[in-house]
Amino acid sequence: MPRLLALAPLPALAASLIAAGAPRLSIGGTPLVLLFGLDAPGALLLGVAALLWVAAGAYAAEYLRDGAHAGRFAACWLLAAAGCLGLFVAADLVSLYAMLAMMTIGAGGLVIHDGTPRAWRAAATYVGLALLAESVLLVGLVMLAAEMPGPGLAIDDAVATLAASPHRDTILALLVAGFGVKAGLVPLHVWMPLAHSAAPVPASSVLSGAVVKAGIIGLIRFLPTGEAMPAAGHLLAVAGFVTAFYGVAVGLTQRHPKAVLAYSSVSQMGVVVAVLGLGLAAGDGGAGIAAAFYAAHHVLVKGALFLAVGVAAAGAQGRRGWVLAPALLLCLGLGGLPFTGGAVAKFAVKDAFGTGVTAALSAASAAGTTMLMLHFLRRLAGAEVKDAARAPTGLLLPWLAMAAAALLLPWFLYVPAGLGTVGGATGLEATWNAFWPVALGAAFAFALRGRADHLPKVPEGDIAAALEPAAGLTLRLGAALEGLDADLRRWTVASVGLVLVAVAIGWTLWRG
Amino acid sequence: MTLLAETVAPAAGGGWLVAAIIFPVVALLLAVAGGARFAARVGVLALPAGLAIAVAIADGVAKHGVLGYYVGGWAPPLGIALRADVLSAAMLVTTAIVASGAGLYALHDFGPPREPGGGRQTLGFWVSLLGAWAALNLAFVGRDLFNLYVALELLTFAAVPLVCLDGRAPTLQAALRYLLYALVGSVLYLLGAVLLYGAFGTLDVELLATVVRPEPAAWAAAALMTAGLLAKTALFPLHLWLPPAHAGAPPAASAVLSALVVKGSFFIVLRLWFDALPGLATAMAMQFIGLLGAGAILYGSALALRQSRLKLLVAYSTVAQIGYLFLVFPLAFDASAGRLVAGTALAGGLLQAVSHAFAKAAMFMSAGLVAVALGHDRIEGFGGLARARPVSLLAFALAGVSLVGLPPSGGFAAKWLLLSAAVESGQWWWAVVIVLGGLLTGAYLILVLMRALQEPAAPTASLRPVAAWREAVPLALALLAVLLGLAGLAPFQPGAGTGAVAAAEAFQ
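Protein chains in written order, with the working numbering: chain A, 1 to 512; chain B, 513 to 1020.
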């Protein structure tokens, strides 16, 4: 069964190539209609996500050879894949929510795969926060649905309703909070480092690459970027920048390469959210596709780098160059190194960041990212390697394929995504603008080398670890409730209760 | 509200309503007459036939909107009316499906006895099941408050033996507890009915609706009847009988009790308030009933989290899920009109009743199979269960999907409708409760599933085998609960779909 995992996302890949802009598929009638369609951001993300699911699926087939629980892993994998890919084509509120739920359940199953206490803790945090996010989201969606004219629940109608809604700010806050958890906005990011570093390598790869984009596509779909909302937009951008720098800062204190990568994902999603926030503030309708493009590059890079961690750990005897050299390019690419895929991604969001403070923050975040990714590379190179083992080709090939895709694909996707011509990305000014933050980050990384290990050690999942004493309080509250229940179920109390209920109903009928 | 005589095309399929009540009674009498050797066979034959009757009624309701029948040809106030609307049809079909599932599942424990003289439990189970079924059907189609009282009493007397089938002291004690508390509830209900009859001279639901005035007798009657029904429904804080009743009951009996029996009295609360006394409702009274429901949701879920035995966890989950049903009352209250209005909230409540019935029956049955396989139901000792009993665990998990309210389950559709009603009426505090309840539900179910997915602490002793067909029954019921939300995709399917429109139309 796990051998065939790579085939499952192929229809999604095909759909992203041929079905973009096709008429919507509508299933059902009154009172419930499910709609599926593919707009430009959806097609872009669906395509790269499907590619990652294919590569990681092939990788998983090798990774899970002779492992236990392969059947359970495959079931969870397919559930998560279906939800994740389905999310990009869902065009109504109900199917969007259904896909999210399906993805969460599957991803939770992937996180527990190793069965270690650490994996269980990570999965509990992940599923708990995800359920919380989905509940908040549900309230927002229901509020939106309540104001929509007619029985249909299409997302674009919903956004039109949202723009004119008297409860616009409340609904927007609920939606941003819900999708924010999914995208890992600080302080709702705690599940991400835990889950992404506890999951088996191929699962980490899709979780950090594809699954976190659920929050991003949600924000892209629902933020009414058509009209300027300066206050809300700037607030969102601040949250994005805070997340971007927080992820870098905490990531630098991490030792395990997967934990460093996970914090880098937190940081990168912060950048995407900042783009969307600035777009909302300016009423820039093009921010959605720009953010999607940046996120698509992240799907490829982060998916690939997680696979590299597994290749390195499986033993890169005689193949170290095949791991570290492409990884170096990808790492610097994430910072925006000219002529990599990352340079195109940065170029796509350049206009959103504009000039002045936001542009400076963007450059600073690129420098920080470079620093963090070089820290990752050091940890990767220094990671323990099984003695004289040699990573199987089944692991090496998917990694190299994803690395190549991350470096090259953005160049080919830029024009079809409708972002304009890609020539500007290679101009002298653009090259310099992309180069100096990377050089600065590299210089800092060089200065920091060796010293990162002396930084105070922040536990994975930072705030979550600090909150654990609260669990004790909950337990005591539960014990108190049990005592109350024993009392309530005594005959005298229950009889008095019955009389009181009757009296209360009678009194409220009389008075009210 | 118009008189029944004007709205019901007489005898358009109304005979089915009589059949729905008479048929289980006849089966019950046959079972008693035939004894234990015969009872299981009668039951197994009667259940699918009863399901066919329920489907016929649902079909009639889909075509005509409502089915009616005057017993003996006499219209109220002289005669007694039976009537099936969308609410009735949905509950009739649900009851028939769950009862059939419970019967099939119980064939293993309560099949024809092997040795002569055995089978006291077998006879007890089938007679109780058929009796409860007849009582429920009467409750769903009855349109006369005294008629409904008879249904309530019959339901209690049929349900009590289900609690103590094994005849051990603890279960007898639990049964007695249930019986006494339910009887107190019945007395309160009867008292209220007498008050109504004294003040307004009729107990027919349609006639009462036209003559009831807000006055002390009506208030007292409504308060007494509602309180009595809440005690029978085990709404917090009147749930003293429910957890112990489930502790020792066989799984099939627990399934019937939790999925169906408590819905019978809830259904009568709906009839009372929506049909008989819609204009008597006040904002404060409805908020109070909703408050009890909210208490049930939070309190029941929190206690479910604390249980170490799976069966009791599921029982406290029932305490919580009953709470959702009573949120209908504040949510359906139209403040400007000063009355209860059938609409989104009622449709949500109905859907919650139906999907909870399927999901909870599946849960009790799969919990029972887990207990058979392991020899205990302590959640701590569930390590390795996922590998040993994957089908039972899958059924449990799917039922959980509906309880938590994840799409496409019936639980999701119910939650969506209730939340919509809360948003539309601006009562955001109930939305908070609904969301918190979903989170707590998720927490206690994940706790169980995580234990089951973990490796066993010690190598498990050999598990007892369980027949595959027994595992199929809860799985089928859980699948029904999970797919129920998709019924809304088909245009206008009363009784199955998210029929906000359907329910509303049937009432007008």
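We treat Cβ as the ideally placed atom computed from N, Cα and C, and that holds for glycine.
Outcome for residue i when other beta-carbon atoms lying within 10 angstroms are tallied against a minimum of 16
i: Leu516/B; result: Summary for Leu516/B: the model assigns pLDDT 31, below 50, so the residue's position carries little reliability, and this model does not support an answer.
i: Ile534/B; result: exposed
i: Pro398/A; result: buried
i: Ala734/B; result: buried
i: Phe924/B; result: buried
i: Ala911/B; result: buried
i: His454/A; result: exposed
i: Leu4/A; result: exposed
i: Pro919/B; result: buried
i: Lys575/B; result: exposed
i: Pro166/A; result: exposed
i: Ala857/B; result: buried
i: Met513/B; result: Residue confidence for Met513/B is low, a pLDDT of 29 falling below 50, so the modelled location carries little weight; the figure read from the coordinates is stated next. Met513/B should be labelled exposed.
i: Ala360/A; result: exposed
i: Asp462/A; result: buried
i: Trp753/B; result: buried
i: Trp491/A; result: exposed
Proximal chain B residues relative to residue i, where beta-carbon distance stays under 8 Å
i: Glu482/A; result: Leu815, Arg818
i: Leu127/A; result: Residue identity check: residue 127/A is Val in the sequence provided, not Leu. Those are Gly954, Ile958, listed as they occur along chain B.
i: Gly270/A; result: Here the premise fails: no neighbours, minimum Cβ distance about 26 Å.
Interface partners of residue i on chain B, CB under 7 Å
i: Trp510/A; result: Trp731
i: Trp120/A; result: Met962
i: Ile112/A; result: Leu965
i: Tyr551/A; result: Residue 551/A lies beyond the range of chain A shown here (1 to 512); nothing can be said about it.
i: Ala101/A; result: Leu918, Pro919
i: Gly497/A; result: Pro749, Leu750
Endpoints, alpha helix (DSSP H) assigned at residue i
i: Arg818/B; result: 795-818
i: Tyr836/B; result: 822-838
i: Tyr617/B; result: 598-618
i: Trp941/B; result: 940-965
i: Arg379/A; result: 357-382
i: Thr104/A; result: 93-111
i: Trp507/A; result: 491-511
i: Met737/B; result: 728-745
i: Gly247/A; result: 230-252
i: Lys457/A; result: Neither: Lys457/A is in no alpha helix (DSSP H) and is coded neither H nor E.
i: Asp571/B; result: 548-576
i: Leu703/B; result: 681-712
Extent of the continuous beta strand (DSSP E) to which residue i belongs
i: Arg121/A; result: Note, Arg121/A: premise wrong, no beta strand (DSSP E); alpha helix (DSSP H) at 117-147.
i: Tyr414/A; result: First-last for Tyr414/A: undefined, no H or E at that position.
i: Leu579/B; result: 579-583
i: Ser26/A; result: 25-29
Any non-hydrogen atom of the ligand ADP within 7 Å of residue i CB
i: Ile891/B; result: This structure lacks the ligand ADP; in fact it carries no ligand of any kind.
8 Å Cβ cut-off: residues of chain A touching residue i
i: Ala943/B; result: Val139, Val142
i: Ala551/B; result: The contacting residues do not exist; Ala551/B stays about 34 Å from chain A at best.
i: Ala686/B; result: Neighbours of Ala686/B on chain A: none; closest Cβ ~11 Å, over 8 Å.
Chain B residues whose Cβ lies nearer than 9 Å to that of residue i
i: Trp166/A; result: According to the sequence displayed, residue 166/A carries Pro and not Trp. Here the premise fails: no neighbours, minimum Cβ distance about 11 Å.
i: Leu79/A; result: Residues of chain B passing the Cβ test: none, with the nearest at roughly 12 Å.
Contacts that residue i makes with chain A (C-beta to C-beta distance below 7 Å)
i: Phe800/B; result: Ala504, Ile505, Thr508
i: Tyr582/B; result: None at all; the shortest Cβ gap to chain A is about 32 Å.
i: Ser932/B; result: Val142, Ala145, Ala146
i: Arg892/B; result: Checking the sequence, you will find Glu at residue 892/B rather than Arg. Here the premise fails: no neighbours, minimum Cβ distance about 15 Å.
Residue-chain proximity (residue i, chain E), Cβ-Cβ < 8 Å
i: Leu852/B; result: Among the chains of the structure shown, chain E does not appear; the protein chains present are A and B.
Chain A contact residues for residue i, given Cβ-Cβ distances below 9 Å
i: Met796/B; result: Trp507, Thr508, Leu509, Arg511, Gly512
Requested in this report: Let me know the alpha helix (DSSP H) ranges lying completely inside the segment 31-72 of chain A, each 4 residues or longer, listed in chain order.
Outcome: 40-63
Query raised in the report: In the segment 850-913 of chain B, which residue ranges form an unbroken alpha helix (DSSP H) of at least 4 residues, counting only runs that do not cross its ends?
Result: 856-886, 897-900
Query raised in the report: Which residues, in chain order, does the segment 744-757 of chain B contribute to contact with chain A at a C-beta distance below 7 Å?
Result: Pro749, Leu750, Leu752
Requested in this report: Return the chain-ordered ranges of every beta strand (DSSP E) run that is complete within the segment 274-333 of chain A and spans a minimum of 3 residues.
Outcome: Listed in chain order, there is nothing to give.
Query - chain A contacts made by the segment 710-743 of chain B, where a contact means CB separation under 7 Å - result: Trp731, Ala732, Ala734, Ala735, Leu736, Thr738, Ala739, Leu742, Ala743
**Report entry** Residues from the segment 147-159 of chain A in contact with chain B, defined by Cβ distance under 7 Å
**Finding:** none
Requested in this report: Could you please tell me which residues of the segment 855-868 of chain B, in chain order, have their CB closer than 8 Å to any CB of chain A?
Outcome: none
Query raised in the report: Using a beta-carbon distance cut-off of less than 9 Å, what residues from the segment 20-31 of chain A approach chain B?
Result: Ile27, Gly28, Gly29, Thr30, Pro31
Report task. Would you mind listing the alpha helix (DSSP H) stretches within the segment 149-179 of chain A that are 4+ residues and don't spill past its ends, in chain order? Result -> 155-164, all fully within the segment 149-179 of chain A.
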